[in-house]
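Contents: one structure, followed by commentary.
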Amino acid sequence: MHWIRACSVDELDDGDALQLSTVPPVAVFKVDGEYYALDDTCTHGQSSLADGYVDGDQVECAWHFAKFDIKSGAVLTPPASIPLCTHKVRIDGEDVMVAIRDRAQSAGGAT
Numbered sequence: 133m134h135w136i137r138a139c140s141v142d143e144l145d146d147g148d149a150l151q152l153s154t155v156p157p158v159a160v161f162k163v164d165g166e167y168y169a170l171d172d173t174c175t176h177g178q179s180s181l182a183d184g185y186v187d188g189d190q191v192e193c194a195w196h197f198a199k200f201d202i203k204s205g206a207v208l209t210p211p212a213s214i215p216l217c218t219h220k221v222r223i224d225g226e227d228v229m230v231a232i233r234d235r236a237q238s239a240g241g242a243t
């Protein structure tokens, strides 16, 4: 696992998201002043969740409307049935840092 800078703390407003160009892509969300990171690709339709619709602590895929819990990665509504992997987030000074798993770890599953 290694840490990368996602953005500065003032770059995202509540309800905003951004996509990190990692492998796999990671989406960073700001919800109620807290930052969360999930694998960015919907587990049903291969769509970017950073481009989805954020409502509170939920994100809805723009393609087939599957919903996920931003805080846990849990599936909230079909057609998705596989939860998203979550990534640790920390604040380092003014930077939002996200833990990215190495490829061998990514193949192993969630969290």
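Under the working numbering, think of the first position of the sequence shown as 133, with each following residue one higher. Think of the CB as a built atom: it goes at the ideal place given N, C-alpha and C, for glycine as much as any other residue.
With a threshold of 16 other beta carbon atoms within 10 Å, G188 falls short and is exposed. If the five residues before and after V191 are omitted, its C-beta is found closer than 6 Å to the C-beta atoms of L181, G184, F200 and I202, all from its own chain and listed in chain order.
I232 has its alpha-carbon roughly 8 Å from the corresponding atom of T154. Our two residues, C193 and G225, have alpha carbons roughly 32 Å apart in a direct line. 9 Å or more divides the Cβ of V207 from the Cβ of Y168. Annotated three-state conformation of C174 is coil, per DSSP. Note that the C-beta distance between C174 and A198 is below 9 Å. The residues V186, in chain order, have a CB closer than 6 Å to that of G147 in the same chain once the five nearest residues on each side in sequence are set aside. Per DSSP, the unbroken beta strand (DSSP E) holding A159 starts and ends at V158 to V163.
Per the coordinates, the alpha-carbon of K162 lies some 9 Å from the alpha-carbon of L150. Counting of Cβ neighbours within 10 angstroms places H196 among the exposed residues, the total staying below 16. Following the DSSP letters along the chain, one finds A138 inside the beta strand (DSSP E) bounded by residues H134 to S140.
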